[in-house]
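2 protein chains.
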Amino acid sequence: MHKTTVEQWQVLRTVIVSGGYSRAAERLNRSQSSVSYTIAQLQDRLGAELVVVEGRKVRLTEAGAALLRDAAPLIAQFEALEARAGALAKGAQASLRLAIDSAYPKRPLFAVLRDFAERFPHTQVDLVEIIRLGAREARARSDLAIVFQAGDVLEEHRLRDVELIAVAHCRHPLLTRSAAGLTTADLGGHLQVALVDGRDPDRAAGLSGRRFWSVNTLEAAREAVLSGLCFGWLPEETIADLLDAGELRRLPLSFGARRSIPLSLVLADAGTAGPATRALAAMILERDGTRGSHPPSRPAGLIPPDQEGDAGGSGPFAPE
Amino acid sequence: MHKTTVEQWQVLRTVIVSGGYSRAAERLNRSQSSVSYTIAQLQDRLGAELVVVEGRKVRLTEAGAALLRDAAPLIAQFEALEARAGALAKGAQASLRLAIDSAYPKRPLFAVLRDFAERFPHTQVDLVEIIRLGAREARARSDLAIVFQAGDVLEEHRLRDVELIAVAHCRHPLLTRSAAGLTTADLGGHLQVALVDGRDPDRAAGLSGRRFWSVNTLEAAREAVLSGLCFGWLPEETIADLLDAGELRRLPLSFGARRSIPLSLVLADAGTAGPATRALAAMILERDGTRGSHPPSRPAGLIPPDQEGDAGGSGPFAPE
DNA sequence: GTATTTCTATCGAAATTTTCGATGGAAAGG
DNA sequence: CCTTTCCATCGAAAATTTCGATAGAAATAC
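Chains as they are written, first to last, in this note's numbering: chain A, 553 to 872; chain B, 553 to 872.
What follows is the structure in C-alpha cells.
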C-alpha cells in the first residue's frame, strides 16, 4: 500500500535542518543507527537517493530537495491533524453549524468569527446564509442561528436591528424629479428588486404580476440597484460606501424610507450545545446584542406600517 | 513524535468507504483482524473514538467524520508525494528553471506550460521573468531561457518576434492633435514610461534628466500608459484588448511606431539538459519557433533605427 | 423461534519491523 | 600524525504488526 511513513519524512527533515544524522538522532531522542536506518529505509522504499554524505556533511540530492519541499507542508498538516484529533479527544467541538439571515451584516460577523477561530482552532464552522431565516428551519439545520423572526424559542437574544434603506442609483428617474418627498404611489411605475429564496416557489409566485424582480442573493440585489434597473430596500451596512461615493442615493420617501429588521440569536438546542457554540453565541452577543436578553416577545414592526400595505411593501424582503 | 501513520488513516478511510472491516480487509489484502487492530490502534493513540460499531454497521463519530474529512486530502497528497518520488527515482527531472524575457507574451507561454505540466506532472517549473534577459545571465540562472539577445551560444533557436507598439491613452494630448503623423520630436514634451530592471542602477541612471519614468514590471508599464500619464512602446499581445476597446490608441508616428524585439530560445547547458528541459524546448519551438533553427547570427534591428537615437529611443526597454 | 449468516473483538503465535549499542572506516581539525 | 566527529553496518533485543482461529453479537433466513 504505502511505501513510506510521514515519520520517515520527518526524520529526513530533521536530518537536513540539524545538519547531520547524529544531531538529528539527538534531537529525536533516538540512537544514531536508528536515524541511519530510517533514512536508508526511506530511500530503499522509494528506490531513489535523497541524500548524499560528502565526508562529514549531509547534502540533499536534487530529487531529495524537490521531494522534501513537497513533504514539508505535508508533515505540518499531518501534525495539525493529530493536534485536532487530540483536541477533539479532550472534548473539543468538531464543528458548528451557523445559519444566518442574509440581512445580517457580514463584516462584523467575520470579525467575530476570526476571534472565534483563534480561540477554537479545531472547531470548523459551516455557515449557511438563508434569505428569510425563521426559527423553526434554523433549529433544524444549525446549532446556532441568527434569525429574522423568533418569538417562540426559549434561548433567544435580540441583536441590534438591521436598517434597510430605500435607495436607487443616483441617476434613477425617481431621484431626478423634485427633491421633495415621494409617496409610495410614485414607486408604482418603477421596478423594485426583492430578495427571495429561490427554492421557495410560493414566495416567488406571490410577486408575479407586480413590478418586482426577485433575486437570490444580497449581492445580486445590490447590483440590480447599482445598475439603475431597480430601486429597493437594502441593508445599510452593505451600501454605506456606495452612499458615501454618491453612486446610490436614498429615496426621499415621505414614509417608510427606513425599515428595521429585527434579528435574534437562537441556540438550536440549548441542552446539547457544545462549549464552542456557547462561546460563539456569547461573542456575537457581546458585539451585537442589545443590553440584556429580552423575553421571547414578538418583535414589533415586523413589516413596518405602510399606507397601502402593497405597492411599497416589503423592501427587498418578500412579503409573507 | 508522531502518534499515527498515514496508513492508519488510509485504513480508516477504506473501512468507511467500503462499509465495514471485513470488506476493507478484502480490499486491502489483509486479514480482518489486522484491520480491526489498526483501527483500534489509531483510536488508542489519539485517545478518541472515531467509529462506533452499531450491530453490523460501522458509523463515524462526529469527531471521526471531522478528522477523516481533514485526513482525506492528506492521504491523496501523500500518495502524490510518493508518486513523484517514484518518478524521480526512474530518472524524471525534479525541476526546471525557466527564465524569460519580460517581453515574451505570457498567454502562449502558459498554454505551453499547461501541456507541459500534463506530460511531466512531476517536474516543477520555476519561472523567472527578467526585464532584459541576456544570454549570459540566463545561462547562469536557468536550464532554459527565452532571451532578448543571444548570438553567442550554440543551442539557440529564433522565436517569433515580439512587436512593440507605440501607444497612449485615447485622451492623451499626443492623440488629440492632428491625426497626421507625429515625429519623434513631438514626443519630446511628453512623459514616456520605460521598463527597467530595478536592480540595475546604471540603466536607471541612464534615464535621469530625461522625460522618462521607469517601471519594474510590464503590468506597471501598462497601467502607466492606461492612466494617461505616459506614452510608451508596449508588447502588442499585452494590449490587444485595450486597443480593441479603444482605451489605448496607437501613436501615428511617421517612423518607429512598431518595433520588433528578437527573442531566442536558449538551452543553458545542452549537454546536461534533462528530458523535461528538452521536451519543453521542443514544445515552445513548435508553437513559437520560426521555421528552422537559425545559425547564431546577431539578430537585426536590436534597437530600430531612429532619427535622433535619443528622444524617441528605446521604447519601454531601456537603452543600453 | 430457531438456525444461519455476517460481522467485529480478541487471543496467542508467528513474522516483520524497528531500535539499540558496538564497531569499523572515512573525513575533518588540531 | 593524532584525535575527534561522523556515518554505515552488524547482531541482538525489543516492539509492532499480521495472521488464523475463535467467540460473541446482530441481522437475516427459514
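Backbone N, C-alpha and C define an ideal beta-carbon position, used for all residues, glycine too.
Linking Glu689(B) to Ala825(B) through their CA atoms gives a straight-line distance of about 17 Å.
According to the DSSP assignment, Asp749(A) belongs to no beta strand (DSSP E), since it is labelled neither H nor E. Along the region 596-621 of chain A, going in chain order, the ones with a CB nearer than 7 Å to a CB of chain B are Leu598, Gly599, Ala600, Glu614, Ala615, Ala618, Leu619.
Inclusion of Ala644(B) and Thr675(B) in the CB contact set at 8 Å is warranted, their separation being smaller than that value. Membership of Leu612(A) in the beta strand (DSSP E) is indicated by the continuous run 609-612.
As computed with DSSP, His709(B) is found in a beta bridge with Leu817(B). Per DSSP, reduced to three states, the secondary structure at Gly784(B) is strand. Listed by position along chain B, the residues whose Cβ is nearer than 8 Å to that of His724(A) form an empty set, because the closest Cβ is around 27 Å away.
Taking a beta-carbon distance threshold of 8 Å, Ser570(A) does not count as an interface residue toward chain B. In the three-state DSSP reduction, Ser570(B) falls in the helix class (H, G or I). Put simply, of Ala697(B), Gln562(B), Gln593(B), Phe668(B) the residue whose alpha carbon is nearest the alpha carbon of Ser816(B) is Ala697(B). Counting along the chain, no beta strand (DSSP E) covers Ser586(A); the unbroken alpha helix (DSSP H) around it starts and ends at 584-598.
Using beta-carbon distances, Glu578(B) does not count as an interface residue toward chain A, since no partner is under 8 Å. Its chain contains Tyr573 as the residues whose beta carbon lies nearer than 8 Å to that of Ser588(A), once the 5 sequence neighbours on both sides are disregarded; these appear in chain order. One alpha carbon belongs to Arg811(B), the other to Glu601(A), and they sit about 50 Å apart. For Asp667(A), the enclosing alpha helix (DSSP H) stretches over residues 658-671. No Cβ of chain A is located within less than 8 Å of the beta carbon of Ala825(B). Under the Cβ criterion of 8 Å, Thr829(B) is not counted among the residues facing chain A. The beta-carbon of Val558(A) is placed less than 8 Å from the nearest beta-carbon of chain B. Less than 8 Å separates the beta-carbon of Ala655(B) from that of Val714(B). Contact with chain A is found for Ser647(B), since one of that chain's Cβ atoms lies less than 8 Å from the residue's Cβ. If you look at Asp678(A), you'll find it in the beta strand (DSSP E) that goes 676-682.
Within the region 789-809 of chain B, not one residue has a Cβ closer than 9 Å to any Cβ of chain A. In chain B, no part has a C-beta under 9 Å from the C-beta of Phe672(A); the shortest such distance is about 13 Å.
Look at Asp653(B) here: in three-state DSSP terms it is strand. Rounded to whole angstroms, the Cβ separation of Arg830(B) and Pro660(B) is 19 Å, and the two are not in contact under 8 Å. Per DSSP, the beta bridge partners of Gly686(A) are Gln701(A). In the DSSP annotation of this structure, the continuous segment of the alpha helix (DSSP H) that includes Arg774(A) starts and ends at 770-778. Judged by DSSP secondary structure, Arg839(B) falls within the alpha helix (DSSP H) whose first and last residues are 827-840. For the pair of segments examined, the region 715-724 of chain B was found to touch the region 778-791 of chain B: the number of CB pairs separated by less than 8 Å reaches three. Close partners of Ala697(B) in chain A (Cβ separation under 8 Å) are lacking, with about 19 Å as the shortest Cβ gap. Taken through DSSP and simplified to helix, strand or coil, Leu734(A) comes out as strand. Per the coordinates, the alpha-carbon of Ala623(A) lies some 42 Å from the alpha-carbon of Ala776(B). One finds Leu633 in chain B with Cβ atoms closer than 7 Å to the Cβ of Ala623(A), taken in chain order. One Cα belongs to Asp738(B), the other to Gln744(B), and the distance between them is close to 12 Å. The beta-carbon separation of Leu619(A) and Leu640(B), rounded to 7 Å, stays under the 8 Å limit for a contact.
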